[in-house]
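K.L.:
Just so you know, the sequences run in chain order A and B. No gaps in the numbering here: position 207 of the first sequence is 206 in numbering that gives the first Met the number 0, and each next residue is one more. No gaps in the numbering here: position 127 of the second sequence is 126 in numbering that gives the first Met the number 0, and each next residue is one more. Glycine included, C-beta positions come from ideal geometry on N, C-alpha and C. The structure that follows is given in the form of structure tokens.
Number of protein chains: 2
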Amino acid sequence: MTFIPSTHPRAKSLYIRERLVLAFDKGLVAKEGLMAHGRGEAFDYLIGERTSEAARKAIRAAAMMLMAAQRPVISVNGNIAGLCPKEMVELAFVSGAKIEINLFYGTRKRRQEIAKVLKKNGAKEILGIKKKDAAKLSGLDSARRVVDKNGIFAADVVVVPLEDGDRTLALKRAGKKVITFDLNPLSRTAQTADITIVDNVVRAIGELIKECKKNRPVKKFDNKKNLASTILEIKSNLTRRARLA
Amino acid sequence: MTFIPSTHPRAKSLYIRERLVLAFDKGLVAKEGLMAHGRGEAFDYLIGERTSEAARKAIRAAAMMLMAAQRPVISVNGNIAGLCPKEMVELAFVSGAKIEINLFYGTRKRRQEIAKVLKKNGAKEILGIKKKDAAKLSGLDSARRVVDKNGIFAADVVVVPLEDGDRTLALKRAGKKVITFDLNPLSRTAQTADITIVDNVVRAIGELIKECKKNRPVKKFDNKKNLASTILEIKSNLTRRARLA
Numbered sequence: 000m001t002f003i004p005s006t007h008p009r010a011k012s013l014y015i016r017e018r019l020v021l022a023f024d025k026g027l028v029a030k031e032g033l034m035a036h037g038r039g040e041a042f043d044y045l046i047g048e049r050t051s052e053a054a055r056k057a058i059r060a061a062a063m064m065l066m067a068a069q070r071p072v073i074s075v076n077g078n079i080a081g082l083c084p085k086e087m088v089e090l091a092f093v094s095g096a097k098i099e100i101n102l103f104y105g106t107r108k109r110r111q112e113i114a115k116v117l118k119k120n121g122a123k124e125i126l127g128i129k130k131k132d133a134a135k136l137s138g139l140d141s142a143r144r145v146v147d148k149n150g151i152f153a154a155d156v157v158v159v160p161l162e163d164g165d166r167t168l169a170l171k172r173a174g175k176k177v178i179t180f181d182l183n184p185l186s187r188t189a190q191t192a193d194i195t196i197v198d199n200v201v202r203a204i205g206e207l208i209k210e211c212k213k214n215r216p217v218k219k220f221d222n223k224k225n226l227a228s229t230i231l232e233i234k235s236n237l238t239r240r241a242r243l244a
Numbered sequence: 000m001t002f003i004p005s006t007h008p009r010a011k012s013l014y015i016r017e018r019l020v021l022a023f024d025k026g027l028v029a030k031e032g033l034m035a036h037g038r039g040e041a042f043d044y045l046i047g048e049r050t051s052e053a054a055r056k057a058i059r060a061a062a063m064m065l066m067a068a069q070r071p072v073i074s075v076n077g078n079i080a081g082l083c084p085k086e087m088v089e090l091a092f093v094s095g096a097k098i099e100i101n102l103f104y105g106t107r108k109r110r111q112e113i114a115k116v117l118k119k120n121g122a123k124e125i126l127g128i129k130k131k132d133a134a135k136l137s138g139l140d141s142a143r144r145v146v147d148k149n150g151i152f153a154a155d156v157v158v159v160p161l162e163d164g165d166r167t168l169a170l171k172r173a174g175k176k177v178i179t180f181d182l183n184p185l186s187r188t189a190q191t192a193d194i195t196i197v198d199n200v201v202r203a204i205g206e207l208i209k210e211c212k213k214n215r216p217v218k219k220f221d222n223k224k225n226l227a228s229t230i231l232e233i234k235s236n237l238t239r240r241a242r243l244a
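Below, the structure is given as structure tokens:
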């Protein structure tokens, strides 16, 4: 592991980066996952590497939706398994959600490594592994439309942290409610989901678990409006940073 | 190579991404290089994935500075060797610049693989390889301060596409004129360089070669002002995209 001085102004971000590199070395994370993480870093930098008020609102709304769901499912990919497997298992536990491994760049080996890590962190049942349970979402190319018939296929609410735009659209077309973590408030996933938490998942996940435990009744939430206020905040950060530069 | 449907709205960006993944597989690119590419993708998305008027201005100024240089050097790292080796060799040829391999995460093996690719693309002389020609820049930790005494150490103008902030600062302190490609207009490299081309190097390099061939006399260029206008453009893109979304 590279030595990162704790005094470095962006030490936290560098620790997370190293965690992902370790996960890559263990075979959890795809090469494309490393690049996706880089994109996240850039947007995290622009939102100021902190949980905004808009993100807190989205987290509260997500907790309410998740707790009210009948058949919630949490979709886990390599980056999530590398960054916060324990927290995902806890989120599934407090919300009664199932966990499904769902990969954009999937291989059998990677799927197994991810399942191993999830189990090590306390997961009981893991979906998205057995071939006989494969079902297909429509409107996606063959490799990417496979989901678990007992998981995402049957779900009413799906949590997709760090998801591809095409897949989010396919989930919406299949009638699912979608909760996502996405640091880019303009991405198709961010704009398509019902609730978009524009925050670093590592920073936000604890807050989401805490809110789930409160189990509060569902209130109205306007995702578009919330995203717009995040975009405004990025713009004002750009001005501020440009002044500092 | 992963199949990318040409109907994907961001297919071009995905093709470039795959090119970098191939370069990673060949041993040219570091894991950290994959993440750095992701950061670049995010900023490219924010500048609209096109060459802005500000970028064109910077390209013209860079061509003039490069053509007027006495001992210009182009610094090549793994990402550059993976993305546009042929164009770098051509730029060196039209501008009379030397090519030096200069790596942030360097190993002997990676250095050799990069040299191989550059040679395959027509490079005659490649600096930054022979131990006996190593010289040191001051103000950098040991692994990262080594440059070639016949290359960057003696250069008056250095082109550093995709460079680290610390190293750009060290080059400036050593009295070099620095031209950089950097998609983040707020980065230390972008803010420290004499000329910052805020553009995707794959998209901008052909334009730079073309401008070098025109061989026009040097005109004044205000990098800070040019960067400020790029930041303004990102802000207006954010507004526009938010409206479209």
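Quick one: is A/Val-72 buried, meaning 16 or more other Cβ sit within 10 Å of its Cβ, or exposed?
P.N.:
For the purposes of this step, residue 72 of chain A is taken as the residue at position 73 of the first sequence. So A/Val-72 counts as buried.
K.L.:
Would you mind listing the alpha helix (DSSP H) stretches within the segment 63–87 of chain B that are 4+ residues and don't spill past its ends, in chain order?
P.N.:
77–82
K.L.:
Per DSSP, B/Asp-181 is paired with what?
P.N.:
Residue 181 of chain B sits at position 182 when you count from the first residue of the second sequence. Per DSSP, none; premise fails for B/Asp-181.
K.L.:
For a minimum of 3 consecutive residues, which ranges assigned as the beta strand (DSSP E) are wholly contained in the segment 125–213 of chain B?
P.N.:
133–135, 145–147, 156–160, 176–180, 194–196
K.L.:
List the DSSP bridge partners of B/Ile-250.
P.N.:
This structure leaves residue 250 of chain B out entirely; chain B is present only between 0 and 244.
K.L.:
For A/Ala-80 and chain B, any beta-carbon pair shorter than 7 angstroms?
P.N.:
Along the first sequence, one-based indexing puts residue 80 of chain A at 81. For A/Ala-80, the answer is no, since every Cβ of chain B falls outside 7 angstroms of its Cβ.
K.L.:
Answer with buried or exposed for A/Pro-216, where buried requires no fewer than 16 other C-beta atoms within 10 angstroms of its C-beta.
P.N.:
Here residue 216 of chain A is taken as the residue at index 217 of the first sequence, counted from 1. Its Cβ having fewer than 16 others within 10 Å, A/Pro-216 is exposed.
K.L.:
Does any residue of chain A bring its CB to less than 7 angstroms from the CB of B/Ile-208?
P.N.:
Residue 208 of chain B sits at position 209 when you count from the first residue of the second sequence. Answer no: the Cβ-Cβ gap between B/Ile-208 and chain A never drops below 7 angstroms.
K.L.:
Taking Cβ-Cβ distances shorter than 8 angstroms, what residues in chain B pair up with A/Gly-37?
P.N.:
Along the first sequence, one-based indexing puts residue 37 of chain A at 38. Within chain B, the residues near A/Gly-37 are Leu-33, Met-34, Ala-35, His-36, Gly-37, Arg-38, Gly-39, Glu-40, Ala-41.
K.L.:
Could you pull the start and end residues of the alpha helix (DSSP H) that B/Ala-122 belongs to?
P.N.:
Numbered from 1 along the second sequence, position 123 holds the residue referred to as residue 122 of chain B. Counting along the chain, B/Ala-122 falls outside any alpha helix (DSSP H), and DSSP gives it neither H nor E.
K.L.:
Going by DSSP, what residue range makes up the alpha helix (DSSP H) through A/Val-20?
P.N.:
As a first step, residue 20 of chain A must be located in the first sequence, where it is residue number 21. 10–24 is the extent of the alpha helix (DSSP H) around A/Val-20.
K.L.:
Near A/Glu-89, which residues of its chain fall below 6 angstroms by C-beta distance, leaving aside the five closest residues on each side in sequence?
P.N.:
Start at 1 with the first residue of the first sequence, and residue 89 of chain A comes out as number 90. Correct list, in chain order: Ile-208.
K.L.:
Just checking: is the beta-carbon of A/Arg-242 within a distance shorter than 7 angstroms of some beta-carbon in chain B?
P.N.:
Here residue 242 of chain A corresponds to residue number 243 of the first sequence, with the count starting at 1. So, not an interface residue.
K.L.:
Any idea if A/Asn-214 is buried or exposed, counting beta-carbon neighbours within 10 angstroms, 16 or more meaning buried?
P.N.:
Within the first sequence, residue 214 of chain A is the residue found at index 215, counting from 1. It is exposed - the Cβ of A/Asn-214 has fewer than 16 other Cβ atoms within 10 Å.
K.L.:
A/Ala-91 by DSSP, collapsed to three states: which one?
P.N.:
Here residue 91 of chain A is taken as the residue at index 92 of the first sequence, counted from 1. The answer is helix: DSSP assigns A/Ala-91 an H, G or I state.
K.L.:
Give a yes or no on whether the minimum CB-CB distance between A/Lys-30 and chain B is below 7 angstroms.
P.N.:
In the first sequence, residue 30 of chain A corresponds to position 31, counting from 1. Yes, because at least one Cβ of chain B sits closer than 7 angstroms to the Cβ of A/Lys-30.
K.L.:
Nearest by alpha-carbon distance to A/Lys-234: which of A/Phe-42, A/Leu-13, A/Gly-81 is it?
P.N.:
Translated into the one-based positions of the first sequence, residue 234 of chain A becomes position 235. Sorting A/Phe-42, A/Leu-13, A/Gly-81 by C-alpha distance to the C-alpha of A/Lys-234 places A/Phe-42 at the top.
K.L.:
Looking at chain B, is there any beta carbon in it that lies within less than 7 angstroms of the beta carbon of A/Ile-178?
P.N.:
Stepping through the first sequence from its first residue, residue 178 of chain A is reached at position 179. Not one chain B Cβ lies under 7 angstroms of A/Ile-178.
K.L.:
I'd like the list of long-range same chain contacts for B/Asn-225, defined as Cβ closer than 7 angstroms, with 5 residues on each side in sequence excluded.
P.N.:
Working through the second sequence from its first residue, we reach residue 225 of chain B at position 226. Answer for B/Asn-225: Ala-53, Lys-56, Ala-57, listed in chain order.
K.L.:
Does the beta-carbon of A/Glu-40 have 16 or more other beta-carbons within 10 angstroms, so that it is buried, or is it exposed?
P.N.:
Taking the first residue of the first sequence as 1, we reach residue 40 of chain A at position 41. So A/Glu-40 counts as buried.
K.L.:
So, is A/Met-0 buried or exposed, given that buried needs 16 or more other C-beta atoms within 10 angstroms?
P.N.:
Along the first sequence, read from residue 1 onward, the residue named residue 0 of chain A stands at position 1. Any reading at A/Met-0 must be qualified, since the residue scores a pLDDT of 44, below 50, and its modelled position is unreliable; the value itself is stated next. It counts as exposed.
K.L.:
Look at B/Arg-59 and B/Glu-210 and say whether their C-beta atoms are less than 7 angstroms apart.
P.N.:
Here residue 59 of chain B refers to the residue found at position 60 of the second sequence. Here residue 210 of chain B refers to the residue found at position 211 of the second sequence. Yes.
K.L.:
What residue range does the alpha helix (DSSP H) around A/Ile-46 cover?
P.N.:
For the purposes of this step, residue 46 of chain A is taken as residue 47 along the first sequence, with counting starting at 1. Where A/Ile-46 is concerned, the enclosing alpha helix (DSSP H) stretches over 30–46.
K.L.:
By how many angstroms is the C-alpha of B/Tyr-104 removed from the C-alpha of B/Arg-197?
P.N.:
Along the second sequence, read from residue 1 onward, the residue named residue 197 of chain B stands at position 198. Along the second sequence, read from residue 1 onward, the residue named residue 104 of chain B stands at position 105. Inspection of the sequence shows that residue 197 of chain B is occupied by Val rather than by Arg. Rounded to whole angstroms, B/Val-197 to B/Tyr-104 spans 23 angstroms at the Cα level.
K.L.:
Quick one, are the C-beta atoms of B/Ile-113 and B/Ala-153 less than 7 angstroms apart?
P.N.:
Working through the second sequence from its first residue, we reach residue 113 of chain B at position 114. Working through the second sequence from its first residue, we reach residue 153 of chain B at position 154. Not closer than 7 angstroms, so no.
K.L.:
A/Ala-96 to A/Asp-155, Cα distance in whole Å?
P.N.:
As a working note, residue 96 of chain A is residue 97 in the first sequence. As a working note, residue 155 of chain A is residue 156 in the first sequence. Taking the straight line joining both Cα atoms gives about 11 angstroms.
K.L.:
At 7 angstroms on the CB atoms, spell out the chain A contacts of B/Lys-234, in chain order.
P.N.:
Numbered from its first residue, the second sequence carries residue 234 of chain B at position 235. What B/Lys-234 touches in chain A: Lys-234, Leu-237.
K.L.:
Quick check: what's the CA-CA separation for B/Ile-100 versus B/Arg-187?
P.N.:
Counted from its first residue, the second sequence places residue 100 of chain B at position 101. Counted from its first residue, the second sequence places residue 187 of chain B at position 188. Between B/Ile-100 and B/Arg-187, the C-alpha separation is close to 21 angstroms.
K.L.:
Going by the CB atoms, is the gap between B/Val-200 and B/Thr-179 shorter than 7 angstroms?
P.N.:
Position 180 of the second sequence, counted from the start, is the residue given in the question as residue 179 of chain B. Position 201 of the second sequence, counted from the start, is the residue given in the question as residue 200 of chain B. Not a contact, by the Cβ cut-off of 7 angstroms.
K.L.:
Since B/Val-146 and B/Leu-27 are thought to touch, with beta carbons under 8 angstroms apart, how far apart are those beta carbons, to the nearest angstrom?
P.N.:
Along the second sequence, one-based indexing puts residue 146 of chain B at 147. Along the second sequence, one-based indexing puts residue 27 of chain B at 28. Not really, about 20 angstroms apart at Cβ, beyond 8 angstroms.
K.L.:
With H, G and I counted as helix, E and B as strand and the rest as coil, what does DSSP make of A/Leu-27?
P.N.:
The residue you call residue 27 of chain A lines up with position 28 of the first sequence. Residue state, collapsed to three classes: coil.
K.L.:
Would you check if the distance between the CB atom of A/Leu-21 and the CB atom of A/His-36 is smaller than 7 angstroms?
P.N.:
To locate residue 21 of chain A, count along the first sequence from 1; it is residue 22. To locate residue 36 of chain A, count along the first sequence from 1; it is residue 37. Against a cut-off of 7 angstroms, the Cβ pair of A/His-36 and A/Leu-21 comes out as no contact.
K.L.:
Verify whether the separation of the beta carbon atoms of A/Ala-169 and A/Leu-136 is less than 7 angstroms.
P.N.:
For this step, residue 169 of chain A is matched to residue 170 along the first sequence. For this step, residue 136 of chain A is matched to residue 137 along the first sequence. Yes, the pair counts as a contact, with Cβ atoms nearer than the cut-off.
K.L.:
How about B/Phe-23: is its C-beta nearer than 7 angstroms to some C-beta of chain A?
P.N.:
Your numbering for residue 23 of chain B matches position 24 in the second sequence. At least one chain A Cβ lies under 7 angstroms of B/Phe-23.
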